[in-house]
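Counting the sequence shown from 1 gives a position; the UniProt record's numbering is that position plus 3. Below is one structure, written out as structure tokens; comments come after it.
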Amino acid sequence: NSEHDQEHALLFPFMAQGHIIPFIELAKLIHHRRRCTVTVVSTPANVRALTSSFPSTPTFRLVPLPFDPTHHSLPSTSESSDTLPTHLFSRLLHASLSLRPAFSALLSDILSSSAAPSRLCVISDVFTSWATEVADALGAHHAVFTTCGGYGTTAYFSLWQHLPHARTDAEEFSVPGFPDSFRLRRSQLSSYIREADGADEWSAVLRPAIATSLESKSMLCNSVEEVETTGLRLLRNYTGLCVYAVGPLLPFQGDKKSSYMRAGKAHGISVDACLEWLDAHPPNSVLYISFGSQNTISARQMMELAKGIEASGKAFIWVIRPPVEFDIGGEFQKEWLPEGFEERARQHARGLLVRDWAPQLEILSHASTGAFLSHCGWNSALESLSRGVPLIGWPLASEQFYNSMMLEEELGVCVEVARGKEVVVPGEEVERVVREVMGEERGAEMRRRAAGVRGLLEEAMREGDGEAKGSSLRAIDEFLEVALSGKSE
Ligand code: UDP
């Protein structure tokens, strides 16, 4: 028993790998620092997948809320965004609202049980922020955890709340909450925001979710004070909330057999097979390519990307998901890649093609990995920098466009090669950027900068007393004092 065993933190991630992964890490961090009870809720299939890596204990619990995707015209196996074609994401967002009665009942049960906690804090996702309303109504403390960075969260909130691009015909426009000198171009908006007019299906769910997030008592952010100083300042100014930067929350590494989120899934590759392949290559020589857990590019873009990588002569690991025009669960098809590409890649171990899911952090941790061609999802960006690996940006959706820009312009650790799923990207351009980022001039400078960021990320999580304690550990401890001991903010 600990002095905090009467306290309870209840976490509710949105159903997407890029949300579930950092939420689980936040749950583990809270459990580790506080020794209180921690519960993570999700839908049944997500809880089953997580349970194989994190079996429930009396103080670390995974609790399913009943959910049937078919009631929402979703495929029966789709309880998270990685198993959905992109045009159905907004349906999953709408469907998640149906979890409210079950969540409310769970909270009431916890609060009225004979072992009711002395204090309960609900930590919701931005997309499940209605859970903070439920907590508020029942007298529990609450906070929102944004799995994006400070800069990306501010840009995303402001764009959806103000739709500044819808008020002008100009190609460039300013964004409320940012300095006047800051201008965004239309091409930097994801297609959903670009087409949004406030009456669309995305606005219908995102705008209330953002508004409710702004009503929460405080916000946790998967970022680091010393790395995102400007971004976190913008977020604090924009939201008016007390923001605790508690990152980097990186995925669990340890199960050497398979990537834990995908235990039991037929696709993918074992960690050992991947690491063995990397062992055969010299340091910094391999390009890792992945567009995250839910996005993919067009077939034409995939062709040009393949041509460019091949022409660069660099070794690569490429996580392939079917291009946008193809069935997400469909079999691998030869139209996706130039003829003979895979066979040539296999020769002399030049390239490794992995279907759907690879052990990303393990790949980034290997000395042979020299750069990461990424969609700049915030988790991917943090994971890459935590291992000192520079990025080639190809943002596709949500706040990835702003992440890519910040990584390039502010941190100097990224070169953007393309934007979005529609643009034509000639193979020659891919080749040029790959050579640059993996080369000896700009590449070496980017690796030096990425190593600097890595140092800051590590320091933020350093154990110690007083000032010696890293900024993110100080922030989570302060947050927990407020959320679970009732100390005032
Ligand atoms: N991921 C992985 N293997 C893959 C694809 C993704 O391990 O093949 C993990 C990745 O390490 C990260 C998360 O899934 O933790 C993706 O989050 P991110 O924010 O980068 O992108 P999203 O998938 O949300 O677009």
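Just so you know, even glycine gets a beta-carbon here, dropped at the ideal spot from N, CA and C.
* Asked: What is the rounded straight-line gap between the Cα of V227 and the Cα of G155?
  -> 13 Å
* Asked: Taking buried to mean at least 16 other C-beta atoms within 10 Å of its own C-beta, is N225 buried or exposed?
  -> buried
* S121, DSSP secondary structure in three states -> coil
* Using three-state DSSP, classify F15 as helix, strand or coil. => strand
* Asked: If you measure from the CB of E386, is any heavy atom of the ligand UDP nearer than 7 Å?
  -> yes
* Which residues in the same chain as Q191 place their Cβ atom closer than 6 Å to its Cβ, once the five residues preceding and following it in sequence are excluded? -> F404
* To do: Give every residue of the same chain whose Cβ lies closer than 6 Å to the Cβ of G353, excluding the five residues on either side of it in the sequence, and list them in chain order.
  => For the sequence presented, residue 353 should be read as Arg rather than Gly. Hits under 6 Å: A318.
* **Min CB distance L290 to chain C below 8 Å** => Looking at the structure shown, chain C is missing, and only one protein chain is on hand.
* Asked: So, are the CB atoms of L410 and A447 less than 8 Å apart?
  -> no
* With burial defined as no fewer than 16 other Cβ atoms inside 10 Å of the residue's Cβ, what is the status of residue 494: buried or exposed? -> Within the shown structure, residues of the chain are numbered from 4 to 492, placing residue 494 beyond reach of any answer.
* What do you reckon, is the C-beta of A30 under 7 Å from a heavy atom of the ligand UDP? -> no
* Asked: Cβ of F160 within 8 Å of Cβ of P167?
  -> no
* Through-space distance from G343 to F181, alpha-carbon basis -> 48 Å
* **Helix, strand or coil at P429 according to DSSP, with G and I counted as helix** => coil
* Asked: Alpha carbon to alpha carbon, what distance is there between F482 and L95?
  -> 31 Å
* Asked: Who pairs with G396 in a beta bridge, going by DSSP?
  -> S377, E419
* To do: Using the Cα positions of S184 and L244, report the straight-line distance between them to the nearest angstrom.
  => 24 Å
* Pick helix, strand or coil for A266, following the three-state DSSP scheme. => With a pLDDT of 38 at A266, under the threshold of 50, the modelled position of this residue cannot be trusted; read the value that follows with caution. Note: A266 maps to coil in three-state DSSP.
* Asked: Should G201 be labelled buried (16 or more other beta-carbon atoms within 10 Å of its own) or exposed?
  -> exposed
* Pick helix, strand or coil for S45, following the three-state DSSP scheme. => strand
* Along the chain, where does the alpha helix (DSSP H) that runs through L110 open and close? -> 103-115
* **Cut-off 7 Å between Cβ atoms - residues of its own chain near G489, not counting five sequence neighbours on either side** => R122
* Pull up the distance between the alpha-carbon of G473 and that of E466, whole angstroms please. => 6 Å
* Measure the C-alpha to C-alpha separation of F106 and H90 and round it to an integer number of angstroms. => 27 Å
* Asked: From this set, I366, T215, S296, which residue's C-alpha is nearest R324's C-alpha?
  -> S296
* beta-carbon V125 near the ligand UDP non-hydrogen atom, thresh 7 Å -> no
* **Where L410 falls: helix, strand or coil (DSSP)** => helix
* Can H369 be considered in contact with the ligand UDP, in the sense that its beta carbon sits closer than 7 Å to one or more heavy atoms? -> no
* To do: Compute the distance between the beta-carbons of V416 and V230, then report whether it is under 8 Å.
  => no
* Between which two residues does the beta strand (DSSP E) carrying G354 extend? -> 354-358
* Asked: Less than 7 Å between the CB of V416 and some heavy atom of the ligand UDP, yes or no?
  -> no
* **Same chain, Cβ closer than 6 Å to A266, neighbours up to 5 away in sequence not counted** => Per-residue confidence for A266 stands at a pLDDT of 38, beneath the threshold of 50, marking its modelled position as unreliable; no derived number is given.
* **Closer than 7 Å: H90 CB and nearest the ligand GDP heavy atom** => Absent from the structure shown: the ligand GDP. Ligands present: the ligand UDP.
* Asked: Does DSSP classify S127 as helix, strand or coil?
  -> strand
* Would you mind working out which of Q304, E432, D282 sits nearest E365, comparing C-alpha positions? => D282
* Might you give, ordered along the chain, the residues of its own chain that have their beta carbon closer than 8 Å to the beta carbon of R210, omitting 5 neighbours on each side? => W163, Q164, G201
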